[in-house]
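Right, one structure below, let's go through it.
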Amino acid sequence: MRARSGVVTRRKRKKLRKFCKGFWGQKKNVSRRMKESYMRAGNYAFMHRKDRKREMRRLWITRINAAARQHGLTYSQLMFALRKANVAIDRKQLAKLAFSDPNAFCQIVETARSQIG
């Protein structure tokens, strides 16, 4: 008697059906369509995890630029001056300061401005 893979297949499809819950049309209940949409969802998730890093960096730069312009500097001038002043603070933390603690950001800008001359 041959071994049948009924239990394994059912378990696999059950897991797939759980993932595809909420999908629209055949993608939620036809095995082949479920698998296709599952694969595509995984590809998009992978792609957008990479994209999110770029988008966050762009957001930080935009916030830093807006805050720097309030103090009379551009983003590039500020970053150049900070490098010259040996201030090692990354864009994420700088954007956080600009957003949540403007006084601390102002002190950093003044430190940078002293290097510009």
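Numbering (my numbering), first residue to last: 64 to 180. Beta carbons: idealized from backbone N, C-alpha and C, even for Gly.
{"Item": "Helix, strand or coil at residue 111 [DSSP, three-state]", "Value": "helix"}
{"Item": "Contact the segment 115-126 vs the segment 140-160: 3+ CB pairs below 8 Å", "Value": "yes"}
{"Item": "Beta-carbon separation (whole angstroms), residue 151 vs residue 175, contact threshold 8 Å", "Value": "Not a contact, Cβ separation roughly 13 Å."}
{"Item": "Coarse secondary structure for residue 84, derived from DSSP in three states", "Value": "coil"}
{"Item": "Unbroken alpha helix (DSSP H) run spanning residue 136, endpoints", "Value": "First-last for residue 136: undefined, no H or E at that position."}
{"Item": "Residue 220 versus 165, 135, 69, 154, residue with shortest Cα-Cα distance", "Value": "A question about residue 220 goes unanswered here, because the residues of the chain that appear run from 64 up to 180."}
{"Item": "Proximity winner among 114, 90, 113, relative to residue 103 (alpha-carbon distances)", "Value": "90"}
{"Item": "Boundaries (first-last residue) of the alpha helix (DSSP H) holding residue 179", "Value": "165-179"}
{"Item": "Through-space distance from residue 111 to residue 129, alpha-carbon basis", "Value": "26 Å"}
{"Item": "Proximity winner among 164, 106, 76, relative to residue 92 (alpha-carbon distances)", "Value": "76"}
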